[in-house]
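See structure below.
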């Protein structure tokens, strides 16, 4: 097919809305390669280079020449709004069939059948859906003129974003006709990833690879161990930074907390996380329109978001890999001569990234539990809710295990409707070899980023070298480094802010599926027997009070025989004074423990004294059970409490009661304790906990 230079340039200018713009180095070469069917192509170009223009312009040119529609597989469809808008300006009719637009699936399928769509966008997970493969993809397979694989590094075992369903693309790529146009794109791929992609996407994969230097970026690393230090630094530096930007955090909780702190300082920022839901697009638009100084975001705001004039990207904690960091910090300064990329590092980040690494793959024990449960139900199979009642694993761990096992070739399990069943194939040893290899790689990537965080100079050179580029190309801008000092007054205010946090403990309103047999309860919990909405002082191990709570309970990972600090007593008393639950508690009790009989009662007694209320040990533990933190899902946690608590004080004081515990995880212990107290005649039960469980508990 003949390539039309003038038409391609006109499409570029329509898409960018810039009448005098031209192609970037390599862009037109890539489009021509695709249109003229010169073979399979891998484009490795840094963020902001314009990879989406390559496949959208190529699609438009192919369609104008009478070719069939293109198929784009990408994990970023919900974040491609800017690119899709540009495609529409070029006349490209793009449709999506994804999990977030189910109400439009039928209409979009009809458009495909009528050949009224130029490009179909799907996530890799859609390839795992039997209906999509047999009823949608099969109908258009022979007409597809171009297969685009976005974020192609996910195909590789060495890619930094482990996306299990990309393994399906690998199998599809191996069966495609050699003459089918195939375009794979990614922003970052080191030599190992490049070799992997060449092996999977061949034969004769041609590579178009650009340089890695970002000459507009002034990179800097600042070690501030405590979160209070980093909050104070942000509050001081953010107003002085020119332009608008992104502040990245490792967790949702930190994104929300950092945003709340900066908002309390009068700074126009918003948090953006995977839990933001339908509000993401509005928040992105706020930043695009420069109506917020920054978005405080997790990686939910990452690849696919396009704002070329970001003046800064700041990391609140060190990410887990150089590739992830390069992609995120590379969002700054794409259309500017100078921009800041600042990495703040702290003491909690290694625990967080260790957690992410440890939870990336199912363990041998998790796989064993699932397989044994399925073996016990060979004819009917088991749904995820069924499995929750049979294995001591969380819903997330079960879903991850099922997804990874089902993508093996051959797979040991298969899904029939909502039920999973074992099939004849055994799990190959290659599954565990790959998991172990990738886990070791993630730890090496973590170590490499920790080395980067300690640098005093040569930051861009380090990143380029780590990505197998030429560090001699690095040319940093002439920008002064930002101050590494923290203003003492702001630091104290940050400490106060972190210690001001209290979190709600919502009451459970239903007993678990199957009820609690020993207590003979099931269904709804009557309102007169429920706990009220309670409060927790902090999150376990978190900045503020969380570290002091952990110190009071454990030493070197083991229970200690001490007591919770007096500061925590005063903090909880202050929380109660601000909370003012009505009707107010008239007495105090606590959750009992046979393993550590005095830890919580001692704290509750001192708190009662501080509040001027009587303390009564009204509940007893009548049977030893495993610790609740060893129970991985709600059903198992509820059954672990069933029959273990009893009221040991009769008659009970009749007024409202403050029910104290040190840790809250599933809320089942508080739910049962409140039901027992209310059933025996107490007034309203107000739960108060020192901490909500965190991921490292």
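Residue numbers (the working numbering): 11 to 707. Backbone N, C-alpha and C fix where the C-beta goes; we use that ideal spot for every residue, glycine too.
Of the candidates 546, 526, 504 and 503, 546 places its Cα closest to the Cα of residue 516.
In chain order, 175 place their CB closer than 6 angstroms to the CB of residue 135, counting only its own chain and leaving out the 5 sequence neighbours on each side.
A straight line joining the alpha-carbon of residue 531 with that of residue 413 spans about 35 angstroms.
DSSP places residue 326 outside any alpha helix (DSSP H), giving it a letter other than H or E.
Residue 233 sits in a strand when the DSSP states are folded into three classes. Runs of the beta strand (DSSP E) lying entirely within the segment 611-636, each at least 3 residues long, are 629-631 in chain order. Of the other Cβ atoms in all chains shown, 16 or more fall within 10 Å of the Cβ of residue 650; this residue is therefore buried. When DSSP states are grouped into helix, strand and coil, residue 61 belongs to the helix group. Residue environment: residue 276 is assigned as exposed (fewer than 16 neighbouring CB atoms within 10 Å of its CB, all protein chains considered). Classified as buried, residue 356 has 16 or more neighbouring CB atoms from the shown chains inside 10 Å of its CB. Between the segment 406-421 and the segment 376-394 there are three or more inter-stretch CB-CB distances shorter than 8 angstroms, so the stretches are counted as touching. Per DSSP, the unbroken beta strand (DSSP E) holding residue 195 starts and ends at 191-196.
Counted as a single uninterrupted DSSP element, the stretch harbouring residue 153 is not any alpha helix (DSSP H), since DSSP gives it neither H nor E.
In this structure, DSSP gives residue 217 an extended state, which the three-state scheme calls strand. Ranked by Cα distance from residue 345, the options 227, 408, 326 and 269 are led by 227. No Cβ-Cβ contact shorter than 8 angstroms links residue 179 with residue 80.
Under DSSP, the beta-bridge partners assigned to residue 430 are 392 and 425. DSSP, reduced to helix, strand and coil, places residue 182 within a helical segment of the structure shown.
DSSP links residue 599 through a beta bridge to 669.
According to the DSSP secondary-structure assignment, residue 317 is paired through a beta bridge with no residue. Nearest to residue 158 by alpha-carbon distance, out of 192, 559, 695 and 688, is 192. When C-alpha distances from residue 637 are compared across 587, 618 and 678, the shortest belongs to 678. Residue 695 carries a strand assignment under DSSP once its states are collapsed to helix, strand and coil. DSSP places residue 107 in the coil class of the three-state scheme, outside both helix and strand.
Leaving aside the five residues that flank residue 374 on each side, none in its chain has a CB nearer than 6 angstroms to its CB. For residue 556, the enclosing alpha helix (DSSP H) covers residues 556-563. Taking a C-beta distance under 8 angstroms as the contact criterion, residue 697 and residue 669 qualify as a contact pair. Annotated three-state conformation of residue 134 is helix, per DSSP. Within the same chain, and ignoring the five residues on either side of residue 589 in sequence, the residues whose Cβ sits closer than 8 angstroms to its Cβ are 512 and 545. Excluding five sequence positions before and after residue 528, the CB atoms of its chain that fall closer than 7 angstroms to its own CB belong to 652 and 653, given in chain order. Take the alpha-carbon of residue 483 and the one of residue 580: they are about 58 angstroms apart. With contacts defined by Cβ atoms closer than 8 angstroms, residue 122 and residue 150 form a contacting pair. In this structure, residue 64 places its C-beta atom within 8 angstroms of the C-beta atom of residue 41. Apart from the 5 residues on each side of it in sequence, residue 256 sits with its Cβ closer than 7 angstroms to the Cβ of 304, 305, 307, 311, 320, 323 and 341 in its chain, given in chain order.
DSSP, reduced to helix, strand and coil, places residue 282 within a strand of the structure shown.
A check of alpha carbon separations from residue 673 across 702, 693, 684 and 645 identifies 702 as the nearest.
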